[in-house]
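Written out as structure tokens, the structure is:
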């Protein structure tokens, strides 16, 4: 996913809190590599922090548009289901980007169903593309 960095705040253990814009909204994520440059665009992979459990912090979405946004102390993600396994491992699509994650207790949903996740944080990894 392509992001444009708005703000960088040094955090603990060599990480940075990065505020960014994307085609799907604005949010914040933890960045572990060297500090990104404000105003520059990066292609990143997103990883979700914390456990995701169906009907606790994720559910079927009433929206059918991919989103990535800061909502209070949480990051809200609206994504389309590409595939899921019985063990909860699933592939979600946010526009043209893919997010691999595990959702505990996830029901059997049709491919293309939009789901909403609210997670404490996300991690951003520069793909160097």
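In this note's numbering, the protein residues as written are 3 to 131.
A virtual CB, placed ideally from N, CA and C, is assigned to each residue, including glycine.
For residue i, name the three-state secondary structure that DSSP assigns.
i, result
"residue 83", "strand"
"residue 16", "helix"
"residue 42", "coil"
"residue 115", "coil"
"residue 51", "coil"
"residue 106", "strand"
"residue 34", "coil"
"residue 129", "coil"
"residue 71", "strand"
"residue 77", "strand"
"residue 90", "coil"
Per the DSSP calculation, residue i is bridged to which residue(s)?
i, result
"residue 8", "Partner(s): none; residue 8 has no beta bridge."
"residue 62", "117"
"residue 101", "94"
Of all the CB atoms in chain B, is at least one closer than 8 angstroms to the CB of residue i?
i, result
"residue 111", "Of the protein chains in the structure, only one exists, and it is not chain B."
Please say whether residue j and residue i have beta carbons closer to each other than 8 angstroms?
i, j, result
"residue 118", "residue 80", "yes"
"residue 94", "residue 111", "no"
"residue 69", "residue 27", "yes"
"residue 5", "residue 43", "yes"
"residue 123", "residue 77", "yes"
"residue 18", "residue 66", "no"
"residue 100", "residue 92", "no"
"residue 108", "residue 86", "yes"
"residue 74", "residue 121", "no"
For residue i and residue j, which I take to be in contact (beta-carbon distance under 8 angstroms), what is that distance rounded to the nearest angstrom?
i, j, result
"residue 103", "residue 50", "5 angstroms"
"residue 39", "residue 7", "7 angstroms"
"residue 129", "residue 30", "About 19 angstroms separates the two Cβ atoms, so there is no contact after all."
"residue 25", "residue 97", "6 angstroms"
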